[in-house]
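Heads up: the structure comes next, in structure tokens.
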Amino acid sequence: MRQHAFSLRMHLTELRGSGQLDRELADIILDLVSAAKIISCEVNHAGLIDIQGIAGVTNVHGEDVQKLDIYSNDLLVSILRQTGSACGIASEESEDMIAPSTAGHSSNYIIFFDPLDGSSNIDVNISIGTIFSVYRRVSQSGPAQLDDFLRKGSHQVAAGYFVYGSSTMLVLTTGKGVTGFTLDQTSGQFLRSHTEIRVPERGKIYSCNEGNAAKWDEGTKQYVQSLKTAQPDGRGSYSARYVGSLVADFHRNLLKGGIFLYPGDYSDASKPPKGKLRLMYEANPMSMIVEAAGGAATDGRTRILDIQAEDIHHRVPLIIGSAADVADYEAYVAAGGRP
Ligand code: AHM
Ligand code: MG
Numbered sequence: 000m001r002q003h004a005f006s007l008r009m010h011l012t013e014l015r016g017s018g019q020l021d022r023e024l025a026d027i028i029l030d031l032v033s034a035a036k037i038i039s040c041e042v043n044h045a046g047l048i049d050i051q052g053i054a055g056v057t058n059v060h061g062e063d064v065q066k067l068d069i070y071s072n073d074l075l076v077s078i079l080r081q082t083g084s085a086c087g088i089a090s091e092e093s094e095d096m097i098a099p100s101t102a103g104h105s106s107n108y109i110i111f112f113d114p115l116d117g118s119s120n121i122d123v124n125i126s127i128g129t130i131f132s133v134y135r136r137v138s139q140s141g142p143a144q145l146d147d148f149l150r151k152g153s154h155q156v157a158a159g160y161f162v163y164g165s166s167t168m169l170v171l172t173t174g175k176g177v178t179g180f181t182l183d184q185t186s187g188q189f190l191r192s193h194t195e196i197r198v199p200e201r202g203k204i205y206s207c208n209e210g211n212a213a214k215w216d217e218g219t220k221q222y223v224q225s226l227k228t229a230q231p232d233g234r235g236s237y238s239a240r241y242v243g244s245l246v247a248d249f250h251r252n253l254l255k256g257g258i259f260l261y262p263g264d265y266s267d268a269s270k271p272p273k274g275k276l277r278l279m280y281e282a283n284p285m286s287m288i289v290e291a292a293g294g295a296a297t298d299g300r301t302r303i304l305d306i307q308a309e310d311i312h313h314r315v316p317l318i319i320g321s322a323a324d325v326a327d328y329e330a331y332v333a334a335g336g337r338p
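Here numbering that gives the first Met the number 0 is used: the first residue of the sequence shown is 0, the next is one more, and so on.
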């Protein structure tokens with residue numbers, strides 16, 4: 000049976016009433032929603048073609064997947080430039096910052112997005128998503144400057160993601176609490192489906208690409224090993240679950256509890272460890288969400304939201320999820336092995 004429909008618009012009105020966001024920020028969220036609805040349709044279509052094996056699917060589908068990545072990026076950029084809701088735009092798909100339209104010069108907000116996260120999973124019909132992060136500008140007016148972009152995640156004013164899965168969902172935070180909305184295909188509206196999402200204090204799932212284990216530091220290796228045996232408090236061993244789309248892996252662990260790890264690569268001892276995931280487009284928004292839901296996020300030693308961005312494509316190790324699990328991980332890293 001359908002729940003009483005409480006739309007995203009009603010939710011944004013409620014947040015505005017309690018002073019948690021202004022009209023400009025609400026409009027940005029609605030712009031992102033407009034783009035996500037279209038991306039969701041395109042993603043569903045791409046999956047259908049692959050499942051049904053329509054003629055020429057391999058080549059055409061390969062091209063479509065690439066097109067979908069670019070399509071999602073171009074759609075988001077074009078909507079945000081048309082509405083002028085941002086004075087600065089940065090996308091994981093674009094090397095440089097994207098100039099806002101003249102209308103955006105008076106906006107107070109900077110937007111980062113990963114238009115199609117986990118896009119290598121499109122051709123196998125596995126959940127993918129769009130991630131976004133919003134900051135208030137520090138400059139006064141005109142197009143945003145580099146300092147407006149190079150921030151700490153703790154400065155975010157809103158963050159969220161759309162997951163294109165068995166249903167399309169939006170998970171959103173503006174700082175206080177995390178709310179989930181499900182796209183109702185009949186009305187075309189996002190309806191509130193998950194109020195006050197809290198990540199369990201401890202989970203039973205770990206999510207990482209263990210094919211990379213040889214490149215990890217000793218603390219990480221021993222931590223992951225420790226999850227495979229019965230836990231000291233009488234709980235059994237953890238279960239491994241890894242999709243390879245951050246949005247999907249994060250979403251599952253947010254709701255069920257657990258830990259996602261993309262640790263640094265230590266294989267070149269002469270260089271600092273390399274992270275894969277992007278601070279501004281992936282790590283920061285997910286970290287704002289997880290903290291607002293009672294969880295934690297670290298690069299092993301430093302809280303993700305305290306890391307100063309060095310460039311817009313800065314990469315970091317990301318370990319994120321249930322607070323007690325992340326604390327255990329940090330203890331292993333600090334001890335360089337079992338603490
Ligand atoms: P993408 O934004 O180019 O899709 O890359 C990021 C993705 C994440 O969604 C996922 O967590 C990770 O890369 C998976 O990496 P790997 O294939 O190395 O396990
Ligand atoms: Mg990504």
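Yeah, the Cβ is synthetic: ideal placement off N, Cα and C, and Gly gets one too. From a predicted model like this one, the values you see are computed outputs, not experimental measurements.
Out of curiosity, what's the CA-to-CA distance linking K255 and I288? 15 Å
Rank P231, C40 and L260 by C-alpha distance to the C-alpha of G187 and give the top, closest one. Distances from the alpha-carbon of G187 to those of P231, C40 and L260 put C40 closest.
Within 10 Å of its beta-carbon, does E281 have 16 or more other beta-carbons around it, so buried, or fewer, so exposed? buried
Can you list, in chain order, the stretches of the beta strand (DSSP E) that have 3 or more residues and sit fully within the segment 61-139? Runs found: 87-90, 108-116 and 127-135.
Taking the beta strand (DSSP E) that I319 falls in, what are its first and last residues? L317 to G320
Rounded C-alpha distance that separates M9 from L190: 9 Å
Neighbour-count burial assignment, S165, 16 or more Cβ in a 10 Å radius: exposed
Under 8 Å, with one C-beta from each stretch per pair, do the segment 104-115 and the segment 140-147 reach the 3-pair mark? yes
Spatial neighbours of L226 in its chain, beta-carbon cut-off 6 Å, leaving aside the 5 residues before and after: Y205 and Y237
Figure out for me which residue from S33, R337 and N120 has the closest Cα to the Cα of Q81. Comparing C-alpha distances from Q81 to each of S33, R337 and N120 shows the shortest one belongs to S33.
So, with DSSP's three-state summary, where would you put A239? Residue state, collapsed to three classes: strand.
For a test of the three-state rule: what should DSSP assign to A339, helix, strand or coil? As shown, the chain starts at 0 and ends at 338. That puts residue 339 outside it, with no answer to give.
Got a sec? Which residues, its chain only, sit under 8 Å from G294 by beta carbon, not counting five neighbours each side? V198, L253, I319, G320, S321, A322 and V325
Leaving out five residues before and five after G274 in sequence, what residues of the same chain have Cβ atoms less than 6 Å from its Cβ? A distance below 6 Å between beta-carbons, with the five flanking residues on each side excluded, links G274 to the following residues of its chain, in chain order: G263, R314, V315 and P316.
Expected contact under 8 Å - CB spacing of M279 and I311 to nearest Å: 6 Å
Count the other CB atoms, across all protein chains shown, that sit within 10 Å of the CB of L171; report buried if there are 16 or more and exposed otherwise. buried
Buried/exposed call for K270, threshold 16 Cβ in 10 Å: exposed
Quick check: does the Cβ of S126 come within less than 7 Å of any heavy atom belonging to the ligand AHM? no
Please confirm whether any heavy atom of the ligand AHM lies closer than 7 Å to the CB of L245. yes
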